[in-house]
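The listed protein sequences derive, respectively, from chains F and L.
So in the numbering used here the end of the first sequence lands on 536, straight run, no missing numbers.
So in the numbering used here the end of the second sequence lands on 477, straight run, no missing numbers.
By construction, the Cβ of each residue, glycine as well, lies at the ideal position given by its N, Cα and C atoms.
Quick caveat, the model's predicted, so the values are computed rather than measured.
Okay, structure first, notes after.
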Amino acid sequence: MLYYFISRMIIMGIMWLGMVLLKWGGDGSQLVWQALIFTVIVLMGGFAEKVLHYEGDPYVLPVVQAILALGLVFLVRISPVIGLRQFWWANIGQLIFYGILFAVRDYRQLGKFRYLWGLLAVSLLFITLVFGFAAGGATSWLRIGGVGVEPEEFVKLALLLFMATYLEENEELLRVGTVQVGKFSLPDWRTLGPFLVMAVFSLGLLGAQKSLGTALVFYALFVLMIYVVTERALYLGISLPIFLLVGSLGYLLFRHVRVRVIVWLNPWQDPTGMGYQIAQSLFAISGGKILGTGLGNGIGAAMVPASSTDFIFSVIAEELGFAGAMAVLLLFLIVVMRAFSISLRAKDRFGQILAAGIGILLGTETLIILAGVTKLLPLTGIPLPWVSYGGSSILVHFILLGVLLNISNATAVGSQRNKTKGREYAT
Amino acid sequence: MRGLRRVALGMAFSFFVLSLGLVYWQVVQADTLLENPANRRLILMESRVTRGGIFDRNGEIIAKTQTIDGKRVRVYPKGEMYEPTLGYSTARLGAAGLEGSLANWLMGVKNATAAQTIQQMFSLPRQGDDVVLTLDSHLQSVAYNALKGKKGAAIAIDPQTGEVLALVSQPGYDPTNLDDHWKDIIKQTEEKPLDNRAFSLFPPGSIMKVVTSASLFRSGLNTTNLYECKGSTVINGQVIPEQNQEAHGWVNYNMALADSCNTYFATFGVQAGDKSFLSAAKGFGFGQKIPFELNVPLSQITNSPKVPESLSTNLLAASCFGQGQVLVTPFQMALVTAGIANHGVIMTPHIVERVLDPSQTVEYEPKPQPWLTALSKDEADKITSAMVTAVTAGTASPGALPGVQVAAKTGSAEPGGNQPTHAWYIAFAPAEAPRIAVAVFVEHGGTGGGAAAPIARQIIQEALARK
């Protein structure tokens with residue numbers, strides 16, 4: 110009870126303190142209303158957990174809500190209009206989260222559709238490539254009823270479910286292998302087929318959309334999930350040369366890939382042209398020093414392009430300094446580690462794989478964008494989960510969170526239903 | 011689930027590497043990136059603050075930021091009078107002078123008040139501190155008008171407190187709308203209006219003799235003894251000439267300083283020795299950083315080091331009357347004068363009287379503090395009496411004022427080449443209880459008595475009339 114109280118107070122503290130400290134030009138009443146709704150959802154959600162006997166992981170949701178609150182404060186700081194829209198998405202996202210947490214009786218039903226998930230993922234990407242429009246260099250947007258939707262966010266969900274289903278089914282074959290190639294025994298084509306088709310199509314389509322960041326996330330997701338399930342270092346070993354080969358080909362064939370690498374190697378050569386984005390990001394981050402410039406006092410929000418989406422971390426690192434940036438890193442690390450811990454405890458294989466996949470997805474997304482804005486890796490723009498502005502991203506990540514905690518709750522409840530059914534599925 | 015544990019470990023490690031990346035940018039590289047020319051942080055930060063005002067000691071506005079048609083504009087009601095000492099601050103040109111060196115106060119970042127800190131943290135519109143200077147606009151205006159049309163500098167200091175009352179350098183420039191006429195200013199390579207001549211190095215000529223005097227006293231010279239000046243003398247094979255080969259006849263110390271006798275000071279200066287001379291110069295602040303709000307270059311005896319361990323006899327002889335490699339700033343000479351006036355103690359000079367936060371509470375107010383003890387009281391008295399003689403019966407007489415005893419020394423320094431001499435005049439008054447010390451320098455102005463003394467006289471007259 111004390112933990113519940115303190116954690117919610119911290120979340121409210123982050124949001125309300127930030128909201129009070131910021132000054133908004135114009136009418137702030139809508140923002141205050143949204144913030145109140147946010148407060149009610151957080152508090153009532155906690156209440157609902159008690160009433161409906163939620164017994165899953167108690168840490169993940171408050172930590173995500175803290176990340177979300179921080180992201181909301183910074184979006185309001187960057188642009189009150191964007192912040193207001195994000196409040197809507199955050200509130201809707203949390204409701205969907207609770208919907209999935211409490212309404213989905215058995216998450217294993219999600220595995221029922223098997224390859225339909227894969228087909229859905231590839232179709233979504235294909236439709237985007239054909240009908241989508243470009244923003245920020247990548248053709249990754251669809252307009253549905255006047256609202257811009259980023260299908261690749263939903264593809265994350267579909268692919269994850271496909272991977273979990275596929276890996277659960279073919280685990281043994283992938284692990285042991287049936288075809289002997291030299292020293293290695295590999296799975297046969299019939300086993301590998303569906304996965305390879307999916308991987309090649311989805312990555313190929315993303316490449317064609319110039320969504321390099323998302324492609325990188327998916328690649329890491331595929332490789333790490335296969336490794337986690339099969340525990341064969343062989344798959345990691347194969348992935349590296351493939352990555353280098355594809356990467357080199359991309360570098361040689363496509364100018365936009367070359368530009369990214371050149372800018373990454375030396376942004377200072379042309380800090381007002383091609384290197385502008387990363388240079389401004391680094392100016393912002395470095396200006397924060399240890400304790401930051403203070404909320405609302407940085408230059409990054411105005412200077413860094415895409416400060417409300419891909420580069421929001423630069424603004425946070427500037428205004429909250431190293432201390433604040435480390436806090437954000439730690440919060441994400443907690444979420445990822447808790448996801449792995451949920452996976453380790455899950456009673457059935459599908460739940461284990463799915464939870465591990467969610468952890469891997471969140472971890473790689475965070476690492477890739479944060480390493481990008483700090484110039485540890487070439488920049489590939491993807492949203493920072495729950496922080497960057499974007500309805501699609503928020504909704505999908507709350508759905509993922511709902512699935513994750515549903516698994517956790519099912520494990521903890523350990524009901525008769527779960528135990529018996531778990532045995533049926535266990536191999 | 012070994013695989014998952016390994017992936018978890020790998021993720022945790024990657025996050026660790028990421029945090030090292032943050033350390034690199036936010037700690038190691040922070041200052042380097044701040045100086046990157048493409049980084050507009052400082053300019054942007056500055057544009058958020060309403061720069062504080064600068065006022066003279068009477069509260070008259072010297073510089074102020076006003077909002078005109080919704081745009082913040084820095085206005086300078088006094089025009090050229092305070093330039094280049096006051097300097098400028100624009101986004102395009104950067105900052106110089108007091109606008110530059112006092113920027114931390116004016117921007118409200120130095121010793122920020124609690125309110126300013128909070129405003130700074132949350133980017134509320136911020137108001138910098140107001141700075142009240144020790145400068146007196148009346149005195150400044152007198153000195154400015156007297157120097158106008160010439161090249162030179164004039165400094166007036168309160169010898170008892172170290173307050174700088176006037177600091178003029180000519181030619182100057184109009185700081186209003188500087189961005190627009192910047193091109194015309196930098197075109198004037200001869201006049202160099204951006205250079206502050208009060209802080210530039212020139213040969214001092216005979217005003218150096220007040221420094222040499224300390225060396226003579228300390229060598230045990232009897233100041234009443236007479237010496238015969240024959241118009242020139244030879245020391246170590248080097249001819250020491252008098253100005254215009256004038257023979258001063260039999261002179262004692264008082265008369266030698268009053269008549270500005272080169273051979274007297276060269277002869278006894280060499281007798282006193284290089285160590286004594288160098289230690290006297292050091293005592294007056296040669297080769298030492300002056301603790302002041304503006305950067306003043308070091309005055310020197312030789313080019314390198316500024317004050318050496320020893321001097322050759324020939325260089326020593328020339329240095330004793332301010333030639334050789336001796337170079338001084340007019341500001342340094344004003345401090346030397348103030349030190350003599352204040353019984354040998356040079357007070358730490360300051361130009362900021364107080365700093366007021368936006369609610370007009372005093373935030374900083376320097377107290378008078380001694381900087382150097384250049385002379386004993388007895389030595390200071392002897393030099394003062396000789397400087398009085400210089401005004402009553404010597405070269406410094408053009409600076410005399412009715413009803414007030416002025417103590418002064420002239421200088422006409424050879425700049426080298428075939429150019430007119432630099433005119434110097436250092437003075438303080440009243441001699442018995444000094445309230446003002448001045449140093450006036452006119453570049454290629456001719457003789458000190460002719461070109462510099464009238465300017466000094468006007469400044470002293472105004473200063474004594476106003477107090």
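- Distance from the Cα of F:TYR385 is smallest, within the candidate group L:ASN428, L:PRO47 and L:GLY118, for L:PRO47.
- Among the bridge pairs identified by DSSP, L:SER242 is matched with L:PRO251.
- For the pair F:VAL370 and F:TYR344, the Cα-to-Cα distance works out to about 26 Å.
- Under a criterion of Cβ atoms nearer than 7 Å, the residues of chain L adjacent to F:ALA434 are, in order, LEU32.
- For the 7 Å CB-CB criterion, L:GLN36 and F:PHE431 form a contact.
- F:TYR163 does not reach chain L, its nearest Cβ partner there being about 24 Å away, counting only Cβ pairs nearer than 8 Å.
- Residue pairing by DSSP places L:VAL452 opposite L:GLY162 and L:ALA433 in a beta bridge.
- Across the stretch 402 to 417 of chain F, CB contacts with chain L closer than 9 Å involve THR402, GLY403, LEU404, GLY405, ASN406, GLY407, ILE408, ALA411 and MET412, in sequence order along the chain.
- Around L:MET21, the beta-carbon contacts reaching into chain F at under 7 Å are VAL445 and GLY472.
- Leaving aside the five residues that flank F:LEU509 on each side, the residues in its chain whose CB is nearer than 6 Å to its CB run, in chain order, ILE467.
- Under a criterion of Cβ atoms nearer than 9 Å, the residues of chain L adjacent to F:ALA426 are, in order, LEU32, TRP35 and GLN36.
- Looking at the DSSP output, L:TRP260 sits in a beta bridge with L:GLU238.
- In this structure, the straight-line span from the alpha carbon of F:ALA436 to that of F:MET446 is close to 15 Å.
- Counting only residues of its own chain and dropping the five nearest sequence neighbours on each side, L:GLN379 has a CB closer than 8 Å to the CB of GLY172, MET357 and THR358.
- Comparing alpha-carbon positions, the option among F:ASN375, F:PHE507, F:ILE516 and F:ARG299 lying closest to F:TYR207 turns out to be F:PHE507.
- Interface annotation, F:THR489: not in contact with chain L, CB-CB separation never under 7 Å.
- By the Cβ-count criterion, F:PHE240 is exposed, with fewer than 16 other Cβ atoms from all chains shown falling within 10 Å of its own Cβ.
- When 7 Å is used as the limit between beta carbons, L:MET11 is near these residues of chain F: LEU453, in chain order.
- Considering only L:ARG15, L:VAL17 and L:VAL33, the residue with the shortest C-alpha distance to F:LYS484 is L:VAL33.
- Within the model, the alpha-carbon separation for F:TRP125 versus F:SER138 is close to 14 Å.
- By the neighbour-count criterion, in which 16 or more other beta carbons inside 10 Å mark a residue as buried, L:GLN370 falls on the exposed side.
- Legend: CB atoms of the stretch 65 to 84 of chain L lying less than 8 Å from CB atoms of chain F are not found in any residue.
- Along the stretch 174 to 194 of chain L, there is no position whose C-beta sits under 9 Å from a C-beta of chain F.
- Residue ranges of uninterrupted alpha helix (DSSP H) with 4 or more members, entirely inside the stretch 393 to 438 of chain F and ordered along the chain, are 409 to 412.
- At a cut-off of 7 Å between beta carbons, F:SER395 contacts chain L.
- In terms of beta-carbon proximity, F:TYR336 lines the interface with chain L, with at least one pair separated by less than 7 Å.
- Contact between L:LEU143 and L:ARG67 is confirmed by a C-beta separation of about 7 Å, below the 8 Å threshold.
- Chain-ordered, the chain L residues with CB closer than 9 Å to the CB of F:GLY430 read GLN36.
- With fewer than 16 other Cβ atoms inside 10 Å of its own Cβ, L:ALA101 counts as exposed.
- At a beta-carbon threshold of 7 Å, the residues of chain F lying near L:ALA40 are SER395 and LYS398, ordered along the chain.
- Contact check for L:LEU103 and L:LEU236: beta-carbon distance about 59 Å, past the 8 Å limit, so the pair fails to qualify.
- Taking a C-beta cut-off of 9 Å against chain F, the contacting residues of the stretch 48 to 60 of chain L are ALA48, ASN49, ARG50, ARG51, LEU54, MET55 and ARG58, listed in chain order.
- A buried status is given to L:SER422, since no fewer than 16 other beta-carbon atoms sit within 10 Å of its beta-carbon.
- Contiguous alpha helix (DSSP H) elements confined to the stretch 258 to 342 of chain F occur at 260 to 285, 298 to 317 and 321 to 339, taking only those with 4 or more residues.
- Contact with chain L is found for F:GLU340, since one of that chain's Cβ atoms lies less than 7 Å from the residue's Cβ.
- Under the three-state reduction of DSSP output, L:SER422 falls in the strand class.
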